[in-house]
Structures are given as C-alpha cells and as structure tokens.
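Notes follow once the structure below has been shown.
Number of protein chains: 2
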Amino acid sequence: MTLTVPAPVAAGPPAVLDRFRLLVEPELRAAVAALHPDLARMAAYSFGWCEADGAPTEGSGGKMLRSALALLSAELVGEAAERAVSGAVGVELLHAFSLVHDDILDADERRRHRPTVWKTYGVGPAVLAGDALFALAVRAVAHTQHASDPGQAVRLLSQTMVDLCQGQAKDIAFEQRPWTGPDQVTVAEYRAMAAGKTGALIACSLAIGAALNGSPPRLVRTLLKSGRRLGLAFQIVDDVLSGIGDPHTTGKPVLNDLCAGKKTYPVLVALSAPGPVATQLRTLLAAHDDLAGRGLVRQDDEDLAQIGGLVAEAGGYEQASLEARRLVQSGLAALNHDRFHAGVISELEGLAAFLLDRSA
Amino acid sequence: MTLTVPAPVAAGPPAVLDRFRLLVEPELRAAVAALHPDLARMAAYSFGWCEADGAPTEGSGGKMLRSALALLSAELVGEAAERAVSGAVGVELLHAFSLVHDDILDADERRRHRPTVWKTYGVGPAVLAGDALFALAVRAVAHTQHASDPGQAVRLLSQTMVDLCQGQAKDIAFEQRPWTGPDQVTVAEYRAMAAGKTGALIACSLAIGAALNGSPPRLVRTLLKSGRRLGLAFQIVDDVLSGIGDPHTTGKPVLNDLCAGKKTYPVLVALSAPGPVATQLRTLLAAHDDLAGRGLVRQDDEDLAQIGGLVAEAGGYEQASLEARRLVQSGLAALNHDRFHAGVISELEGLAAFLLDRSA
C-alpha cells in the first residue's frame, strides 16, 4: 500500500503577524487619523489602507514585520506584548516615513503594485507626509504611558533615525561610484550601508519592546546585535528579489536597482567571484562605467538581461541567499541567553524563516 | 548754542544673540560634522556656514533666534543657560530641517540671498538632508546629559514636530482656496495655521530650557502660551516683509507669497477691511480666483504691483504690524509670574523688539 503524500504547502505569513496586527493597527490608524485630512489620506495610502482618493481598500496593508518584532521584543524579556504597542506603532510609522521619502530619493514610481506616494500626490505633499509620519513616530514613543523607561526607547529610536539617514546617504553615494576599478564599492562598504539603511530599524524594532520596559542596556545591546544581523539578511533578500523576483509579486520592475546603479549584494559578490563568467560581468559593467561616468545601467534591456544572467551564472543570487541564511542563524544564535524566553525565540525563528523565503 | 544730535542708529541684533551663539554653535557644528560628508555639506550650506562646494563662508549664519530663546528659557526659571544647550541645538536643527523641506514644498529657489538647498543639490538629496537634520534634533534632546527631565523636553519637541507638519499642511491647503467668496480663508484659520507653522517651534524654544530642567508642567505651559504669541507675531512680521520688505535685505523675491497664492495676514486683513479700496482689492483677486480656479497670482507683474498697492492702501501692512506688536506685548505679559526672573524677561523684551523691527 502506498501512502498519498500531500504536496508541500507554501508556508503563509506566520500567525504571529496576524495576532500582533490586531494589537497595533488600531493605534496606528488612530495616530494617522489625527493628522490634517490631506496628510492622513497620504499616510493611509502609504499603508495600503485606502486608494488615492481616500476610498478604503479591501484587505490588509503591509506585513507589519517591524511592529511584530517590537512586540516580540517585549515578550522576549518576559513582558506582555501590550506593553510595547507604542514602540510597535513608532517603528511602523518610521518605516512608512522611510518608504515615502526613499521613493522620492530613488525616483521610484511603483511600490506594492501601486504608484508611489509622490507619484500620486506630488513631491512636495509626499515630503510633508513623510515628515508627519516621522513626527508621529517620535511622538508615539515619547508619549508612551505605562512603560518604565520611555527615555531609553526614545534614545534608541533617535539613534536609529540618524543611522537610517546615514545609510541612505551611503546608498545614494554608491550610485555615483563605478562597478569596477579602484573606486568600486566593496562588500564591507555594502554591509555598513545596509546596516544603516535597513539593519538599524529592524534592530531597533527587536530592541524597543525591551528598552521601553526597562531592560538593562546590556540586554538591549544584545537584541540590537541580533536585529542588525536579521536586518542585513532582510536587505540581502530584498536585493535578490530585485534581481530574480517576480515583478507581479514584488510590485516593482525587475532589476530596478541595477538600472539605478544601486550596488546590491548579489552583484557585488558576483563581481568579485573567480572564473570567466565574473570576468565577462566585470567587462560588461566596466563599459557602463566608461559610458555614463557613473553606475547607471539604463535603457538597454538587452544589456540589462545579460548582466542579470551573468550575476546568476557567477553565483551571485545563490551566494546572497546563503549569506542571508547564515546571518539569520547567527542573529538568532546571539539570543542564546537565559534572560530571553525560549518559546518567544521559536516564534522569532518562524518569522525569520518567512522573511528568508518571502517572495515580496 | 545748538547741540548736534547724532542721527538715530538702527539697533543691531541684541548682544544676547552673540553671547548665546558662542554656547550653541560649536555643539551644532559638531552634530552636523558627524553626518555622512554629503549630508554634512548640505546641512552646513543650509546654516550658511559654507558655499555649495563646501568652502567655508565668512561671517555667521542665521540669527539663531530659536536657540537663544531656548537658553533664555532656562535662565527664566533660574537655571544656567549651559543647562539648555542640547535643547537649543535641537530647536535650531528642527528649524533648519523645516526650512530645507519648506523650500521644496513651496518650490522656493532663493533663501538668504542664495539658491535653496534643493536648487543647489537636487530635490532627493535635499529631502534626505532635511530628514537627517530632523533626526539629529531628536537625538540631541533625547540624549541630553545633566538635565533633570529630558523626557519632558522630548515630549514637547515631538508634539512640536507634529504641530509644525499640521501647520504646513494647512498653509499648503490654503493655496488652493480662493481669495474671496464663501470658501475664502478666514483670519481665524490663518491664526491656527501660523500657530502650527511658526508658533509651535518658537513656543517650544521658549519652553524647552525650562522643560529640560524639570520645571513643573504648569510653568512649561505658561512659557508655551507666551511663545505661541511671539511666534504668531514673528510670522505676521514675515508676511509684512514678504509684501513690503526690500528683497535685497530679505533675500527673497518681493510678493513671493502672493504669487504662490499663500494667504498672508496683511492680505486677509485688507480683504476684510471696509471701504472702496478693499472692494477694489476683492474684485481684483476674485478675477484671479475665476481665472486660475485657485489662489495663484502668477506672471502678471502689473496685477501683482496693483494688488500689493491696494493691500497697503487698505491698511493691511499697518494693521499687521500693529497686531504683531499687540501679540508681543501680550506674549510678554503672560510671563508676569514670580517664578520667572525679571532681568531675563528684559532680555527677552529686547529680543522681541528686534524681531518686530527686523528687515530680514
């Protein structure tokens, strides 16, 4: 007799995301609703809660990953998730701010299958909407009630905001740097950039619930260290999706980052690989350096497809995925401390696995 | 015998501004210098410390009014000015942030006789430079050392940031409103807008030194109330300068605000005045409403000059200057409380008088 083995079902988002959404989203919506109607509409659009004209959308917005990390952060140190809601709201608002402004910086026209905020409402209004989200984030954490140490959380959040801007500045400066030669961007420089651009906020999320509730700085630092590794993994997965993700799922054009001259992990790793494929890739990208005087790879679909193919052939995407896995493992291993609840670490593992295997 | 009476010398900036600059500017420069070089250059340019290419400029930057208020705030409650330096740095950074972003929102190309930051470095970089200034402001206050209540100061600063964005949103929304008819902007609406756009940060400045040093909330609220009146006066003086100031002194084109459809105090007051001049003004502006469907007054220098003349003739600028004087008086009167040092109130009076009579 043969057993019928069911086909493996692709794991959906972990249940913890839905459980936490119920705690955070009402507070988040209340914060946004208190804004001037023009700002509230742009903010709600950025969260995916409404159409451009303000009409409510069906279904939920983003993954709300960062707010889930903030609530897990409290649970890791034995506090109720409810005691980290203001931190969760803060990091989610800060994330929304960064997306709205980043899309202006990168002149990106599409996000999550829709026109970006600046494309929909204009650059000026989008700048102001981002500022308002930024301001709300700080206010949410600074005005936390029933937490023993909002001061520690605000210090953490403000340092995160600075790190985020620093990372963004590096990311943009890298666009002007060549793909090859002595001025090319190194993998170490990439790591420092991504640690700011993406790692800082994910690290802050994983630490803010503990920080709010008076955890000792040493423990908060351990959470930050773990979170920075998860955050770097997250950015590398993003880079892979930008290269070989399905644009119907990611909601962004394929090889968008490459066109913009962004220095992503898979391309940097492929460029420094041994063998003839990497040599061919370097030659092709060096031609773009000569042509444009900067890293842009524009308006030449054939070249673009060839570069993407060479990055894959040189093992760029594979190496990147491996590195993301290693980073998640070492990030979780950093939490091996008897002050953190083992059951909560398991939930975090589930969340991290979902992030590694996500398609958008 | 007749005495030779010397011609009256125009009063320069009060000495307190120079005294306080020595305390604040080194900290401010240190905060900015820690940024990524690209961000540091844009920030320094926005403060007037360097040219577009980073070469140092001669002389000092802005008035640094807000930081002076923050230090006076500490002295008002009997603390040393030194104990409010982080707050002073915070409000000055927040002011710089708001100028950089406002110039993007308003598409203004000139400020302080120079191209604006976005005009010099591009919109994307200017957005990021503003964000970095914003982040530094919060970090400066949140990481205050040797103050008894940084938490109170951070709560104040974060509420100020929200109010500032709300005021900006109103200011922009007003541009789309007509000059005349049932949808016209009222003076009361103007006050609420200016209370956010300008009043909030000046009020925060006048309160943050006290807040940092553990003054009771009741006293902080009194300082906020006083500061909001001074801030509203400041905005009204700004409006007057935009109308009849010398562009060689203000560093901005004449009637810049009117062109943009901004609803300024002198024009709103002139529109609601009795008599035939106001009627003529209403008729002229109503034609612009009909023409453009919104408040813009563009590319018609003759019309512009005529409108400016009618606003003056209807007493708009005179009424505005009177109102600014009244607001300063009532703002200073609000400080009539035995917890505030009389000698410091005198210094504040000197500063307020300078603000009323400034030409830029």
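Going line by line, the protein sequences match chains Y and D.
Heads up: the first sequence begins at 1 in our numbering, then just goes up one per residue.
Heads up: the second sequence begins at 1001 in our numbering, then just goes up one per residue.
The beta carbon of each residue, even a glycine, is placed where N, CA and C say it ideally should be.
Bear in mind that the values here come from a model prediction, so they are computed numbers and not experimental data.
| task | Give the DSSP-derived three-state secondary structure of residue 115(Y) in the structure shown. | result | Looking at residue 115(Y) - three-state DSSP - the assignment turns out to be strand.
| Is the shortest distance between the beta-carbon of residue 1050(D) and the beta-carbons of chain Y less than 9 angstroms? | No, residue 1050(D) lies away from the interface with chain Y (no Cβ there is under 9 angstroms from its Cβ).
| query | Should residue 1165(D) be flagged as near chain Y, meaning a C-beta pair shorter than 9 angstroms? | reply | Yes, residue 1165(D) lies at the interface with chain Y (some Cβ there is under 9 angstroms from its Cβ).
| request: Check the DSSP bridge columns for residue 1110(D) and list the partner residues they point to. | output: Residue 1110(D) is bridged to 1115(D).
| task | Would you tell me roughly how many angstroms separate the C-alpha atoms of residue 196(Y) and residue 205(Y), rounded to the nearest one? | result | Spanning the two alpha carbons is a distance of roughly 14 angstroms.
| request: Would you list, in chain order, the members of the stretch 160-186 of chain Y that have their beta-carbon closer than 8 angstroms to a beta-carbon of chain D? | output: Of all residues in the stretch 160-186 of chain Y, those with a C-beta nearer than 8 angstroms to a C-beta of chain D are 161, 162, 164, 165, 166, 168, 169, 170, 172, 173, reading in chain order.
| message | Distance cutoff 9 angstroms, beta carbons only. Does residue 1085(D) sit that close to anything in chain Y? | response | With 9 angstroms as the cut-off, residue 1085(D) does not count as an interface residue toward chain Y.
| request: Flag this pair as touching only if the stretch 90-108 of chain Y and the stretch 227-244 of chain Y have three or more C-beta atom pairs under 8 angstroms; answer yes or no. | output: Fewer than three Cβ pairs drawn from the stretch 90-108 of chain Y and the stretch 227-244 of chain Y lie within less than 8 angstroms of each other, which leaves the two stretches out of contact.
| message | Contact defined as beta carbons within less than 8 angstroms: I believe residue 1187(D) pairs with residue 1269(D). What is the distance between those atoms, to the nearest angstrom? | response | The Cβ separation is near 7 angstroms, so the contact holds.
| task | Return the CA-CA distance between residue 282(Y) and residue 190(Y), expressed in angstroms with no decimal places. | result | Computed Cα separation, rounded: 18 angstroms.
| said: Let me make sure I understand the geometry here. Which of 82(Y), 38(Y), 76(Y) has the alpha-carbon closest to that of residue 340(Y)? | reply: Taking each of 82(Y), 38(Y), 76(Y) in turn and checking the Cα distance to residue 340(Y), the smallest one comes out for 76(Y).
| task | Check the Cβ of residue 1095(D) against every Cβ in chain Y and list those closer than 9 angstroms, keeping chain order. | result | Here the premise fails: no neighbours, minimum Cβ distance about 14 angstroms.
| field | Contacting residues, own chain, Cβ-Cβ under 6 angstroms from residue 21(Y) (five flanking each side not counted) | value | Beyond the five residues adjoining it in sequence on each side, residue 21(Y) comes within less than 6 angstroms, by CB distance, of 64 in the same chain, given in chain order.
| task | Would you list the one or two residues that DSSP bridges to residue 50(Y)? | result | Residue pairing by DSSP puts residue 50(Y) in a beta bridge opposite 56(Y).
| field | Three-pair Cβ contact test at 8 angstroms for the stretch 1178-1186 of chain D versus the stretch 1048-1062 of chain D | value | No, the stretch 1178-1186 of chain D does not touch the stretch 1048-1062 of chain D.
| task | Counting only runs of 4+ residues fully inside the stretch 224-300 of chain Y, write out the alpha helix (DSSP H) ranges in chain order. | result | For the stretch 224-300 of chain Y, whole alpha helix (DSSP H) runs of length 4 or above, ordered along the chain, are 247-250, 256-259, 265-271, 276-292.
| query | Applying the criterion that 16 or more other CB atoms from any shown protein chain within 10 Å of the CB defines a buried residue, is residue 1337(D) buried or exposed? | reply | It counts as exposed.
| field | Minimum C-alpha distance to residue 133(Y) - residue among 161(Y), 151(Y), 199(Y), 263(Y) | value | Closest by alpha carbon: 161(Y).
| Buried or exposed (CB count within 10 angstroms, at least 16 for buried), residue 125(Y) | Residue 125(Y) should be labelled buried.
| field | Same chain, Cβ closer than 8 angstroms to residue 1343(D), neighbours up to 5 away in sequence not counted | value | The beta carbon of residue 1343(D) sits closer than 8 angstroms to none of the beta carbons in its chain outside the five residues before and after it.
| At what residues does the alpha helix (DSSP H) containing residue 143(Y) begin and finish? | No alpha helix (DSSP H) contains residue 143(Y), which DSSP labels as neither H nor E.
| task | Could you have a look at residue 120(Y) and say whether DSSP puts it in helix, strand or coil? | result | In this structure, residue 120(Y) counts as helix in the three-state DSSP scheme.
| field | Top-ranked residue by Cα proximity to residue 38(Y), from 129(Y), 123(Y), 358(Y), 155(Y) | value | Minimum Cα distance to residue 38(Y) is reached at 129(Y).
| said: For residue 1168(D), tell me which candidate among 347(Y), 135(Y), 61(Y) has the shortest Cα-Cα distance. | reply: Comparing C-alpha distances from residue 1168(D) to each of 347(Y), 135(Y), 61(Y) shows the shortest one belongs to 135(Y).
| Where residue 1275(D) falls, given that 16 or more other Cβ within 10 Å makes a residue buried | Exposed.
| task | Identify, in the order they occur along the chain, each residue of the same chain with its Cβ nearer than 6 angstroms to the Cβ of residue 1066(D), setting aside the five sequence neighbours on each side. | result | For residue 1066(D), where only same-chain residues beyond five positions count, the Cβ hits under 6 angstroms are 1091, 1092, 1095, 1205.
| said: Is there a Cβ of chain Y sitting closer than 9 angstroms to that of residue 1215(D), yes or no? | reply: Cβ-Cβ to chain Y under 9 angstroms: no for residue 1215(D).
| task | Verify whether the separation of the beta carbon atoms of residue 210(Y) and residue 79(Y) is less than 9 angstroms. | result | With respect to the 9 angstroms criterion, residue 210(Y) and residue 79(Y) are classified as neighbours on the basis of their beta carbons.
| task | Flag residue 150(Y) as yes if its beta-carbon sits less than 9 angstroms from any beta-carbon of chain D, otherwise no. | result | Yes, its Cβ sits closer than 9 angstroms to a Cβ of chain D.
| said: Quick check: the Cα distance between residue 313(Y) and residue 302(Y), rounded to an integer number of angstroms? | reply: Taking the straight line joining both Cα atoms gives about 16 angstroms.
| Does residue 352(Y) come within less than 9 angstroms of chain D when only Cβ atoms are used? | By this cut-off, residue 352(Y) is not an interface position.
| With 16 other CB atoms within 10 Å as the buried threshold, where does residue 1319(D) fall? | Counting Cβ neighbours within 10 Å, residue 1319(D) comes out buried, since at least 16 surround it.
| field | Of the residues 49(Y), 61(Y), 46(Y), 71(Y), the one placed nearest residue 23(Y), counting alpha carbons only | value | Ranking the options by Cα distance to residue 23(Y), first place goes to 71(Y).
| From 1359(D), 1048(D), 1122(D), 1243(D), residue whose alpha carbon lies closest to that of residue 1249(D) | Checked all of 1359(D), 1048(D), 1122(D), 1243(D); the closest Cα to residue 1249(D) is 1359(D).
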